[in-house]
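In this text, residue positions in the sequence shown follow the numbering used here: the first is 560, and each later residue adds one.
Glycine included, each C-beta is placed from N, C-alpha and C at the ideal position.
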Amino acid sequence: MVGFHRRDGILHADELALSALAERWGTPLYVYSASLLRARYRTFEEAFAHLDPLIAYAVKANANLALLRLIRALGAGADIVSEGELHRALLAGFAPETVVFSGVGKTHDELARALDAAIYACNAESEQELALIVRLAHDRRVRPLVGLRVNPMFE
Numbered sequence: 560m561v562g563f564h565r566r567d568g569i570l571h572a573d574e575l576a577l578s579a580l581a582e583r584w585g586t587p588l589y590v591y592s593a594s595l596l597r598a599r600y601r602t603f604e605e606a607f608a609h610l611d612p613l614i615a616y617a618v619k620a621n622a623n624l625a626l627l628r629l630i631r632a633l634g635a636g637a638d639i640v641s642e643g644e645l646h647r648a649l650l651a652g653f654a655p656e657t658v659v660f661s662g663v664g665k666t667h668d669e670l671a672r673a674l675d676a677a678i679y680a681c682n683a684e685s686e687q688e689l690a691l692i693v694r695l696a697h698d699r700r701v702r703p704l705v706g707l708r709v710n711p712m713f714e
């Protein structure tokens, strides 16, 4: 059976009894169902297949390397918000061309390292950040894909 379920009154993750895992590894213990994650990813992927999207997992949601490697193996990219997350994503095997750098407060050094790594895209959160990305890209003679975050100021 896929995911979390009870069998004979014992909670299982896939075919593993959680009580046995707790006895072996102790608690607290975080357990993820790889089969459930695969199934949910495939459902999401199939829903948007006609758009040929880059599905980018938000590394900030959970930066566990085993989990990141599983998500990468499914075909996902990585959505990062820091240099540390860039490092984790690359360590987990995400190809730089599947990494999107989002989030506010990106530093000069973080953006420089992201451009040096040749990531897929940077999302600019302000005019100043856009100018910094343009300057860093010009210095490196690269043309990164840049997304713009816009606040239309609806009242």
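Where the alpha helix (DSSP H) through residue i begins and ends
i: Arg-708; result: First-last for Arg-708: undefined, no H or E at that position.
i: Val-658; result: Val-658 -> not in any alpha helix (DSSP H); beta strand (DSSP E) instead, spanning 658 to 660.
i: Ala-606; result: 593 to 606
i: Gly-643; result: 642 to 650
i: Ala-676; result: It is not in any alpha helix (DSSP H) - Ala-676 carries neither H nor E in the DSSP assignment.
Of the listed residues the options, nearest to residue i (C-alpha basis)
i: Ser-641; options: Ala-671, Ile-614 and Gly-634; result: Ala-671
i: Lys-619; options: Leu-695, Val-659 and Ser-685; result: Val-659
i: Glu-574; options: Ala-593, Ala-608, Ala-598 and Ala-635; result: Ala-593
i: Ile-639; options: Ala-696, Ile-678, Leu-689 and Gly-562; result: Ile-678
i: Leu-624; options: Ser-661, Ala-615, Phe-603 and Glu-644; result: Glu-644
i: Leu-704; options: Leu-610, Val-693, His-646 and Cys-681; result: Cys-681
i: Gly-664; options: Leu-674, Ser-685 and Asp-675; result: Ser-685
i: Val-709; options: Thr-666, Asp-668 and Gly-662; result: Gly-662
i: Leu-691; options: Glu-714, His-667 and Phe-713; result: His-667
i: Gly-706; options: Glu-605, Val-693 and Asp-567; result: Val-693
Cβ-based neighbour list, residue i, same chain, cut-off 7 Å, excluding 5 preceding and 5 following
i: Val-590; result: Ala-572, Leu-577 and Leu-580
i: Ala-617; result: Asp-638
i: Arg-631; result: Ala-651, Gly-652 and Phe-653
Terminal residues of the beta strand (DSSP E) in which residue i lies
i: Val-561; result: Careful: Val-561 lies outside any beta strand (DSSP E) and carries neither H nor E.
i: His-571; result: 569 to 572
i: Ala-617; result: 615 to 617
Residues bridged to residue i (per DSSP)
i: Asn-682; result: Gly-706
i: Ala-625; result: Per DSSP, none; premise fails for Ala-625.
i: Leu-575; result: Ala-572
i: Gly-636; result: Ala-615
Contact set for residue i: own chain, Cβ-Cβ below 8 Å, skip 5 residues either direction
i: Val-561; result: Asp-573, Ser-592, Ser-594, Leu-595 and Ala-598
i: Ala-615; result: Ala-635, Gly-636, Ala-637, Asp-638, Thr-657, Val-658 and Val-659
Same chain, Cβ closer than 6 Å to residue i, neighbours up to 5 away in sequence not counted
i: Leu-689; result: Ala-683
i: Tyr-600; result: Leu-633
i: Leu-627; result: Ala-651
Note to self: Below 8 Å, how does it come out for the region 694 to 710 and the region 648 to 655: are there three or more Cβ pairs, yes or no?
What the structure shows: no
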